[in-house]
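In my numbering, the protein residues as written are 13 to 88. What follows is a short report on a single structure.
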């Protein structure tokens, strides 16, 4: 697994939605890449700090803006 692939699937890993084979590839990459280990630690800290934001707390306009921003980011 490359660093780029890891970044794309890190949410699945953190939420336990990753298949066994992909999880093994993910964890094998972590054994060889201190940068991705650091990224994983940052993501865990972010999730812990923010907790969960209920969907109701986000206005429909804000939700559309955020989703549009991420769609545009992926295309770059």
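Glycine included, every Cβ here is placed at the ideal spot set by N, Cα and C.
The three-state reading of DSSP puts residue 45 in coil, since its state is none of H, G, I, E or B. Leaving aside the five residues that flank residue 48 on each side, the residues in its chain whose CB is nearer than 7 angstroms to its CB run, in chain order, 15, 18, 41, 42. For residue 37, same chain residues with a beta-carbon under 6 angstroms away, outside a window of 5 residues either side, are 13 in chain order. Cβ atoms of residue 21 and residue 34 come within 8 angstroms of each other, at about 7 angstroms. Excluding sequence positions up to five before and after residue 84, its CB lies less than 8 angstroms from no other CB in the same chain.
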